[in-house]
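**Q** Encoded as structure tokens, here's the structure I'll be asking about.
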Amino acid sequence: MDGLAMGDYGAYVWSCYALTLVIVVFLSWRARLRHKRVYRDIEVRLKALEDRE
Amino acid sequence: MTHKLSGDNLTLIRGERCLFQDLSFALESGGLLILEGRNGCGKTSLIRAIAGMLSLEEGTVYWDNEPVDNQRQVFHGALVWLAHRTGLKGDLTLVENLGFEHALRAHSKRDPEEVYERLGIARLKKLILRSLSAGQQRRVALARMLLADVPLWFMDEPFTNLDREGRQLVMELVEEHCATGGMCVMAAHQDVEIDAPTTKVRIQ
Amino acid sequence: MSEAPREIPGILAGLVATAKRDLLLAWKRPGDVLNPLFFFAMVCTLFPLAVGPSAEQLEFSGPGVLWVAALLATLLSLNSLFITDFEDGSLDQLLVSPQPLPILVLGKTLAHWLTSGLPLVFVSPILAITYRMPLSVVGVMMLTLALGTISLSLLGSIGAALTVGLHRGTALLSLLILPLAMPIMILGANAVSLAASNDIYSTGIWALGAYAIASLSLAPYATAAALRISNE
Amino acid sequence: MWKWFHQLASPPHFYRISAILAPWLAVPGLILIAYAAWQGLFVVPMDYQQGDAFRIIYVHVPSAYLSMMAYMIMATSGAIGLIWRIKLSHAVAAAAAPIGAGFTFLALCTGSIWGKPMWGTWWEWGDPRMMSELILLFLYFGYMALRSSIDDTTKADKASAVLALVGIVNVVIVHFSVEWWSSLHQGQTVFKKGTMDADMRIPLLIMLLGFTLLFGAMLLRRIRTEVLFRERRTKWVREMILSPEGGA
């Protein structure tokens, strides 16, 4: 457990790495969400158009 | 000297809608080009695009067979623009407003006093524009047109805010302008009776 | 090509005419000029009320407070730079004018500086004295404000041109311009502070001058491009 | 070469190729990051000056570097779009902004966490790099706010490209003016990056490479969405979405 504690700095170091993970995941999640939303919007619109024809 | 204004395969898409596609026209000195269509169909966008205020999706506008994008200054030196929003300052007097335009453009040989007289605004010279009626303000804008020495007139809905007499006056002025070798591009949703070689472009 | 009679006035005429018209408009509507000045004075009054009237503190923070207030006042006045022109159609007329647009824009910006920046320069000594600034430093402060507000007007005109015609233009303008304006304030306020502590302050003045010249030569082009885009 | 480039720049091709390409950037990127993180956290010996806190730089430096690279990409592709009217490059600019803002935020946070044990404060106003990074974050916010407040996509593209270009000139000036300013106020002796042993530097380089690859993958994904959104009225999108196998 000594390796993880890193002297007195463990909390600082680990929080930085955790934050990095959080932000990378957050960015990817947002990107995926937006892609899904754009895709679905187009799909709904096209289906509606098709039904009218 | 004769001039030529032409458009080649103009296409404009605004936001969701394609306003017009592959639209072409040609206009020579002495001619009148009328852009027709219902309200809100893209007439204003088209006339703004021809005047170089909107960038087109595709196509080129030519002035004297040279793309206007390559000679913006020359092209704009040859035109005046009249639209619903007159571009006149309500806080300034008629003379101050026209004096500003006077400093930017080539001047015609017309006598300003005669022009004011003819447009029926001679008495209003010292008043600030805000105190004039909408119709009178349109007449001031017309005076600006007449006092500039340019071959090409752009008029976007020139008949709004004008009474019968005013409408008649605009038609007369355009007729005269075309008869003396000028040319005019006009966007209008009403019928226009002007005695000049006319080309019509209809937008769906 | 015998087109002798058609002569378009030179670019200097265009510059002077636009500046003159805007000055005339400001003369007829003095409120637009006075409001930012009152705002400037008000912010400078708020500060001592918030942190206390101790002479030492005021002397120390005076340059910074005056500069921040000047920056905010300029920002306030920038809002209306192109809005009225956009609304009444004058902007269209400028865009289809035979004069080069950057020159006309420069004329407008010049008028803006004469009606917003320059009055600030002349009002600032009164407020500076209430902050117990020595007279020798007041001169330096006026010089930095004069140079700095030129750059602020020019830089701000880009932001005003980008946001003209947008619904939430006012808030957006501050968001766009403040980060860009930060270096001007850093240079100006710190040059005054240095002068107040009898240090060498000329670096700040030279840098402000260089900034003003650079923005004089570049900003009008950016503003012109932005105006053409915004008015589409 | 030109032909290949044009093909790539055509929206349907790009849409298809980017989906294939993105994992090929993301997976190696993640592997490199994981390896470098393990090295940086456990293997590399601790710094004699900063102790174990220096391990933060393995995430701080790459995110700071990406925050600037994203801005460069955003500004240059905006300029390319303005000059040569290439639509794809505007999509690149639009896609780069949120990623850049994310990494700028990360760089600020990690810098601040590193500063607490080193300087004894969460935020050191006197450090020119922290200030530049903060102003960069404001520039990103302004850019995204301008983009989202203009409804017409073409107009938003052009206006934000002008803003990004004005901003890039300013980033340089901001940096120098903040440096001058902090030299006046005797900012704390900041930690110098030049003095690093090779065995400390190699994980950092691997980390930089890994972050770049990951960034590339994220950028491709977002450009793909942008392309889809901008081409929503076209025939190829219609055919792709209505075809039985779809194409998400």
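Chains as they are written, first to last, in the numbering used here: chain A, 39 to 91; chain B, 41 to 244; chain C, 2 to 233; chain D, 38 to 285.
Every residue, glycine too, gets a C-beta built ideally from N, C-alpha and C.
Spell out whether any CB of chain C is found under 8 Å from the CB atom of D:W36.
**A** Since the displayed chain D opens at 38 and closes at 285, residue 36 of chain D lies outside it and no answer follows.
**Q** Determine which residues share a DSSP beta bridge with B:T238 and list them.
**A** Paired residues: B:L72.
**Q** Is DSSP giving B:D62 helix, strand or coil here?
**A** Strand at B:D62.
**Q** Less than 8 Å between C-beta atoms, sequence neighbours within five positions excluded: which residues of the same chain meet that for B:L182?
**A** Once the five neighbours on either side are set aside, the close Cβ partners of B:L182 are L122, L159, L209, V210, L213.
**Q** Does DSSP put D:M83 in a helix, in a strand, or in coil?
**A** Three-state result, D:M83: coil.
**Q** With a threshold of 16 other CB atoms inside 10 Å of the CB of B:H124, please say whether the residue is buried or exposed.
**A** Counting Cβ neighbours within 10 Å, B:H124 comes out exposed, since fewer than 16 surround it.
**Q** Looking at the structure shown, is B:K166 part of a helix, part of a strand, or coil, going by DSSP?
**A** Coil.
**Q** Under three-state DSSP, which class holds B:C81?
**A** DSSP places B:C81 in coil when its eight states are reduced to three.
**Q** Using three-state DSSP, classify D:D164 as helix, strand or coil.
**A** D:D164: coil per DSSP, three-state reduction.
**Q** Residues in the same chain with beta-carbon distance under 6 Å from C:I127, minus the five sequence neighbours each way, listed in chain order, please.
**A** Once the five neighbours on either side are set aside, C:I127 has no close Cβ partner at all.
**Q** Determine the direct distance from the alpha carbon of C:L177 to that of B:E141, and round the result to whole angstroms.
**A** If you take the alpha carbons of B:E141 and C:L177, they lie about 33 Å apart.
**Q** Grab the span of the alpha helix (DSSP H) containing B:R184 for me, first residue to last.
**A** Taken as a continuous stretch (DSSP letters only), the alpha helix (DSSP H) holding B:R184 covers 174-187.
**Q** Cβ of C:K29 less than 8 Å from any chain B Cβ?
**A** Yes, because at least one Cβ of chain B sits closer than 8 Å to the Cβ of C:K29.
**Q** Could you spell out the range, first to last residue, of the beta strand (DSSP E) harbouring B:Y102?
**A** Segment 98-103, the beta strand (DSSP E) holding B:Y102.
**Q** Please state if the CB of A:Y55 and the CB of D:V96 are separated by a distance shorter than 8 Å.
**A** In contact: D:V96 and A:Y55 (Cβ atoms closer than 8 Å).
**Q** Do we get a CB-CB distance below 8 Å when we pair A:V51 with the residues of chain D?
**A** Yes - at least one Cβ of chain D is within 8 Å of the one on A:V51.
**Q** Pull up the distance between the alpha-carbon of D:G204 and that of C:L181, whole angstroms please.
**A** One C-alpha to the other measures close to 7 Å.
**Q** Spatial neighbours of C:G149 within its chain, please: CB distance less than 6 Å, with the 5 preceding and 5 following residues excluded, ordered by chain position.
**A** So the list reads I185, G189, L209, once near-sequence residues are dropped.
**Q** Classify D:D188: buried if its beta carbon has 16 or more other beta carbons within 10 angstroms, exposed otherwise.
**A** Exposed, since its Cβ has fewer than 16 Cβ neighbours within 10 Å.
**Q** Are the Cβ atoms of B:G117 and C:P99 separated by less than 8 Å?
**A** Cβ distance < 8 Å, so B:G117 and C:P99 count as in contact.
**Q** Name the chain B residues whose beta carbon is nearer than 9 Å to that of C:S81?
**A** Ordered by position in chain B, no residue passes the 9 Å Cβ test against C:S81, which lies about 13 Å from the chain.
**Q** When the cut-off is 8 Å and only beta carbons count, does C:N191 lie next to chain D?
**A** Interface residue, yes.
**Q** Give the residues of chain D in contact with C:A227, contact being defined as C-beta atoms less than 7 Å apart.
**A** Simply A196, V199.
**Q** Do the segment 139-148 of chain D and the segment 96-112 of chain D touch if we need at least three Cβ pairs shorter than 8 Å?
**A** Output reads yes: the segment 96-112 of chain D touches the segment 139-148 of chain D.
**Q** Indicate whether at least one CB of chain D lies closer than 8 Å to the CB of A:R72.
**A** Judged by the 8 Å Cβ criterion, A:R72 is in contact with chain D.
**Q** Can you look up C:S81 in the DSSP assignment and give me helix, strand or coil?
**A** It is coil, neither helix nor strand.
**Q** Would A:V63 pass as an interface residue toward chain D - the criterion being a Cβ-Cβ separation below 8 Å?
**A** So no, A:V63 is outside the interface.
**Q** Closest to D:R270 by C-alpha separation, out of A:R68, A:D79, A:D89, A:R90, would be which residue?
**A** Checking every option, the nearest Cα to that of D:R270 belongs to A:D79.
**Q** Can you tell me which of the three DSSP states B:I161 falls into?
**A** In this structure, B:I161 counts as coil in the three-state DSSP scheme.
**Q** Secondary structure at D:R259, three-state DSSP: helix, strand or coil?
**A** Three-state DSSP puts D:R259 in a helix.
**Q** So for B:N201, helix, strand or coil by DSSP?
**A** DSSP places B:N201 in coil when its eight states are reduced to three.
**Q** Contact criterion: CB-CB distance below 8 Å. Does A:V76 meet it with respect to chain D?
**A** Judged by the 8 Å Cβ criterion, A:V76 is in contact with chain D.
**Q** If we require 3 or more residues per run, which beta strand (DSSP E) segments fall completely within the segment 95-156 of chain B?
**A** Correct list: 98-103, 119-122.
**Q** If you compare alpha carbons, which of B:K129, B:V225, B:D231, B:G71 is closest to B:V120?
**A** Nearest of B:K129, B:V225, B:D231, B:G71 to B:V120, Cα basis: B:V225.
**Q** Step through the CB atoms of chain C and report whether any lies within less than 8 Å of the CB of D:I57.
**A** No, D:I57 does not count as interfacial toward chain C.
**Q** Report the partner residues of B:R54 according to the DSSP bridge assignment.
**A** Paired residue(s): B:R57.
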